[in-house]
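Engineer: My questions will all concern the structure given below.
Take a look at the structure:
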């Protein structure tokens, strides 16, 4: 039982002898001492960039879409002493970063601080414009319109657009008269036909909300007098009809619906107008009805309408009745019926 201990002592002695043989002479004779630790220079703490560097860094973060970092950098800049120009820039940047990040309340606070602290800054109009956006995000359309108005008073080349936005904000806030006035200003200074048409349509809706239906219809007529745009005009005729129906002028309403059906058969609002006429029991030309139904993908009613048209005018009907009937069958999944109708077209209208 004592052999392991004896063997261990023998191995220990052998190991000591080997180390003594192969170690340097001075090491063998000198007692071992702990090595001196290597001294490395202490790291220099990274200092916060100075305010002049923080602003460009924040702008880069904003450009890269990192609005959280941008807001943090603008906050750091505002915590340091800044001259009035740099302070206004930082407040505007902070408000913009919050706005783009969807933090509307923080954005409004930052932008309002700029307007309070630096009311004469050249950045104040821009802050008012952005503040209007922030207030819109907070669901305060009346305050939004106030800020747009303040921005407008400073002078801007986008006056008609601002007047339209003011109108939209006031309309949302149920100030329909104020909205109508703003829309009218925007329409009077419209930069394009399409812009004018859009604003006049919004103006008409404001008049409808005020129950000034005649004024609304006048705006619809003004839109129709502009350059022809089938989709828009079909919608306007339909809306004019709806407005006239509100005051009980059914015959005038039917005339508007019929204009949409006759003039713009390929448009969606022509189909809605057709539905109004059919539901009211008003007569509609069957060929025109078939065209409107076909373009609205109502293929079965289209076939029936074209059949009635051909039966009514067996000798004088137009060839396209067979063409559209065949297409209706084809698109509805009946190729054999489509082939038969196309053959009738060839047989009866060879030219």
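Residue numbers (the numbering used here): 996 to 1346.
In this text, a Cβ means the ideal position worked out from N, Cα and C, and glycines have one as well.
1) For the alpha helix (DSSP H) containing residue 1174, list its first residue and its last residue.
2) My parser needs the alpha helix (DSSP H) runs of 4 or more residues fully inside the region 1305-1332; what are they?
3) Whose C-alpha, out of 1125, 1310 and 1299, is nearest the C-alpha of residue 1321?
4) Closer than 6 Å by C-beta to residue 1168: which residues in its own chain qualify, once you throw out the five before and the five after it? Chain order, please.
5) Which stretch, first to last residue, makes up the alpha helix (DSSP H) that contains residue 1225?
6) On the three-state DSSP scale, how would you describe residue 1291?
7) Are the CB atoms of residue 1282 and residue 1332 within a distance shorter than 8 Å?
8) Using 8 Å as the threshold, is the region 1203-1212 in touch with the region 1176-1185, meaning 3 or more CB pairs across them?
9) Do you know how far the Cα of residue 1160 is from the Cα of residue 1058?
10) Quick one: measure Cβ to Cβ for residue 1105 and residue 1140, integer angstroms, because I've assumed they're closer than 8 Å.
11) Hey, residue 1232 and residue 1249: beta-carbon distance below 8 Å or not?
12) Looking at the unbroken alpha helix (DSSP H) that takes in residue 1203, where does it start and where does it end?
13) According to the Cβ coordinates, are residue 1056 and residue 1064 closer than 8 Å?
14) Can residue 1266 and residue 1291 be called in contact, C-beta distance under 8 Å?
15) For residue 1094 and residue 1121, I'd like the C-alpha separation in whole angstroms.
16) Tell whether a beta-carbon distance below 8 Å holds between residue 1288 and residue 1297.
17) Please identify the residue among 1215, 1186, 1189 and 1184 whose C-alpha is closest to the C-alpha of residue 1198.
18) Apart from the five residues just before and just after residue 1188, which ones in its own chain have a Cβ nearer than 7 Å to its Cβ?
19) Could you name the residues of the same chain whose beta carbon sits closer than 8 Å to that of residue 1133, not counting the 5 residues immediately before and after it, in chain order?
20) Is it the case that the Cβ atoms of residue 1204 and residue 1171 are separated by a distance below 8 Å?
21) Assuming residue 1091 and residue 1125 form a contact by the criterion Cβ under 8 Å, report the distance between their Cβ atoms to the nearest whole angstrom.
22) Taking the CB atoms as reference points, tell me whether residue 1316 and residue 1335 lie closer together than 8 Å.
23) Buried or exposed: where does residue 1347 fall if 16 or more other Cβ atoms within 10 Å of its Cβ makes it buried?
24) Considering only the beta carbon of each residue, do residue 1194 and residue 1201 sit closer than 8 Å?
25) Excluding the 5 residues flanking residue 1173 on each side, which residues of the same chain have their C-beta closer than 7 Å to its C-beta?
26) Would DSSP call residue 1063 helix, strand or coil?
27) By DSSP, does residue 1128 sit in helix, in strand, or in coil?
28) Quick one: what does DSSP say residue 1100 is sitting in, helix, strand or coil?
29) Select from 1301, 1274, 1271 and 1293 the residue whose C-alpha is nearest the C-alpha of residue 1280.
30) Using the C-alpha atoms, what's the distance from residue 1085 back to residue 1115?
31) Got a sec? Which residues, its chain only, sit under 8 Å from residue 1337 by beta carbon, not counting five neighbours each side?
32) Helix, strand or coil for residue 1113, going by three-state DSSP, please let me know.
Structural biologist: So, from the listed chains and residues:
1) As a working mapping, residue 1174 is identified with position 179 in the chain shown. Here the alpha helix (DSSP H) through residue 1174 covers 1171-1183.
2) 1315-1326
3) Within the chain shown, the letter at position 326 stands for residue 1321. The option with the nearest alpha carbon to residue 1321 is 1299.
4) The count along the chain shown starts at 1 and reaches residue 1168 at position 173. Answer for residue 1168: 1136 and 1137, listed in chain order.
5) Against the chain shown, residue 1225 aligns to sequence position 230. Looking at the DSSP string, the run of the alpha helix (DSSP H) that includes residue 1225 is 1225-1241.
6) Here residue 1291 is taken as the residue at index 296 of the chain shown, counted from 1. Here residue 1291 sits in coil by DSSP.
7) The count along the chain shown starts at 1 and reaches residue 1332 at position 337. The count along the chain shown starts at 1 and reaches residue 1282 at position 287. Residue 1282 sits away from residue 1332, with the two beta carbons spaced by 8 Å or more.
8) no
9) By one-based count along the chain shown, residue 1058 stands at place 63. By one-based count along the chain shown, residue 1160 stands at place 165. Each residue's alpha carbon lies about 26 Å from the other.
10) Sequence index remark: in the chain shown, residue 1105 carries index 110 (1-based). Sequence index remark: in the chain shown, residue 1140 carries index 145 (1-based). Between residue 1140 and residue 1105 the Cβ distance is about 21 Å, and since that is not below 8 Å, they are no contact.
11) Your numbering for residue 1232 matches position 237 in the chain shown. Your numbering for residue 1249 matches position 254 in the chain shown. The answer is no: Cβ separation not under 8 Å.
12) On the chain shown, residue 1203 is found 208 positions in, with the first residue counted as 1. For residue 1203, the uninterrupted alpha helix (DSSP H) run begins and ends at 1188-1204, by DSSP.
13) The residue labelled residue 1056 in the question sits at position 61 within the chain shown. The residue labelled residue 1064 in the question sits at position 69 within the chain shown. Yes, these two residues count as a Cβ contact at 8 Å.
14) Taking the first residue of the chain shown as 1, we reach residue 1266 at position 271. Taking the first residue of the chain shown as 1, we reach residue 1291 at position 296. With a cutoff of 8 Å on beta-carbon distance, residue 1266 and residue 1291 are scored as near each other.
15) Within the chain shown, numbered from 1, the residue matching residue 1094 stands at position 99. Within the chain shown, numbered from 1, the residue matching residue 1121 stands at position 126. For residue 1094 and residue 1121, the distance between alpha carbons rounds to 13 Å.
16) Here residue 1288 corresponds to residue number 293 of the chain shown, with the count starting at 1. Here residue 1297 corresponds to residue number 302 of the chain shown, with the count starting at 1. Cβ distance < 8 Å, so residue 1288 and residue 1297 count as in contact.
17) Within the chain shown, the letter at position 203 stands for residue 1198. Scanning 1215, 1186, 1189 and 1184 for the CA closest to the CA of residue 1198 turns up 1215.
18) Locating residue 1188 in the chain shown gives position 193, where the first residue counts as 1. Here the set comprises 1221 and 1222.
19) Residue numbering aside, residue 1133 sits at position 138 when the chain shown is read from its first letter. Excluding sequence neighbours, residue 1133 sits near 1099, 1100 and 1103.
20) Locating residue 1204 in the chain shown gives position 209, counting from the first residue. Locating residue 1171 in the chain shown gives position 176, counting from the first residue. The answer is yes: Cβ separation under 8 Å.
21) Within the chain shown, residue 1091 is the residue found at index 96, counting from 1. Within the chain shown, residue 1125 is the residue found at index 130, counting from 1. Rounded to the nearest angstrom, the Cβ distance from residue 1091 to residue 1125 is 6 Å, consistent with a contact under 8 Å.
22) Counted from its first residue, the chain shown places residue 1316 at position 321. Counted from its first residue, the chain shown places residue 1335 at position 340. Cβ atoms of residue 1316 and residue 1335: not closer than 8 Å.
23) The structure shown does not extend to residue 1347, since the chain spans only 996 to 1346, so no value can be given for it.
24) As a first step, residue 1194 must be located in the chain shown, where it is residue number 199. As a first step, residue 1201 must be located in the chain shown, where it is residue number 206. Taking 8 Å as the Cβ cut-off, residue 1194 and residue 1201 do not qualify as a contacting pair.
25) In the chain shown, residue 1173 corresponds to position 178, counting from 1. Closer than 7 Å at the Cβ level, and outside the excluded window around residue 1173, lie 1165.
26) Position 68 of the chain shown, counted from the start, is the residue given in the question as residue 1063. Reduced to three states, the DSSP call for residue 1063 is helix.
27) Taking the first residue of the chain shown as position 1, residue 1128 is located at position 133. Helix at residue 1128.
28) Position 105 of the chain shown, counting from 1, holds the residue named residue 1100. Residue 1100 sits in a helix when the DSSP states are folded into three classes.
29) Taking the chain shown and counting its residues from 1, one reaches residue 1280 at position 285. Among 1301, 1274, 1271 and 1293, the Cα nearest to that of residue 1280 is on 1301.
30) Your numbering for residue 1115 matches position 120 in the chain shown. Your numbering for residue 1085 matches position 90 in the chain shown. Roughly 16 Å separates the two Cα atoms.
31) Residue numbering aside, residue 1337 sits at position 342 when the chain shown is read from its first letter. Result list for residue 1337: 1317, 1318 and 1321, in chain order.
32) Locating residue 1113 in the chain shown gives position 118, counting from the first residue. Three-state result, residue 1113: coil.
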